[in-house]
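Asker: Residues in the sequence shown are numbered from 857 upward in steps of one, following our numbering.
Just so you know, even glycine gets a beta-carbon here, dropped at the ideal spot from N, CA and C.
Let me begin by handing over the structure; questions about it come next.
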Amino acid sequence: MPFSKSLENFINPFKRIKNRSLVLALGFLILTFCLLLFLVFSDVSRLISSKDFFYVIQSHPKQTLIEDENYFYANKGLYKTNKEAFLRVYKIPENMPIERRENLSKGSKMNLALLFLFLACFLGSFGVCPND
Numbered sequence: 857m858p859f860s861k862s863l864e865n866f867i868n869p870f871k872r873i874k875n876r877s878l879v880l881a882l883g884f885l886i887l888t889f890c891l892l893l894f895l896v897f898s899d900v901s902r903l904i905s906s907k908d909f910f911y912v913i914q915s916h917p918k919q920t921l922i923e924d925e926n927y928f929y930a931n932k933g934l935y936k937t938n939k940e941a942f943l944r945v946y947k948i949p950e951n952m953p954i955e956r957r958e959n960l961s962k963g964s965k966m967n968l969a970l971l972f973l974f975l976a977c978f979l980g981s982f983g984v985c986p987n988d
């Protein structure tokens, strides 16, 4: 099925809706849902083994190690490893600075995304979308 045909099949149900504000609200709701999924499932850090992580911090001794509740991060958050597993086998060099951060877990990301969704619904209910 060509892309234009699948796009047409996606748009057809919206053509039946006569109220322009409702179409805009539905489009905004779909966009918000896509942003919610992206926010929840995005994780830019690459999980590597404790051994590889040890080599990363040995090769860059002046970097700052970032620590949160479950992971250590190196190279400004590019690499991460499980904190407990790493500390069982290796020691962090004493001269390496450690920055502690609050864990931004998937639960808190979900709360932020839901807050954004409720804010969008609240603004939409007061007629922010133009009326015909």
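Starting from the C-beta of Phe972, find all residues in its chain whose C-beta is less than 8 Å away, skip the five residues before and the five after it, and write them out in chain order.
Answerer: Cβ-Cβ distances below 8 Å link Phe972 to Thr888, Leu891, Leu892 in the same chain, with the five nearest sequence neighbours on each side left out; the list follows chain order.
Asker: Helix, strand or coil for Ile954? Go by DSSP, reduced to three states.
Answerer: In the structure shown, Ile954 sits in a strand (DSSP, three-state: E or B).
Asker: Go ahead and label Val984 buried or exposed: buried means 16 or more other beta carbons lie within 10 angstroms of its beta carbon, across all protein chains shown.
Answerer: With a pLDDT of 49 at Val984, under the threshold of 50, the predicted position of this residue should be treated as unreliable, and no value is reported.
Asker: What residues are listed by DSSP as bridge partners for Ile886?
Answerer: DSSP, once it has assigned bridges, lists no residue as partnering Ile886.
Asker: Taking the straight line between their C-alpha atoms, what separation do you get for Pro917 and Met952?
Answerer: 7 Å
Asker: Suppose you measure from the CA of Val945 to the CA of Asn967; what does that come to, to the nearest Å?
Answerer: 35 Å
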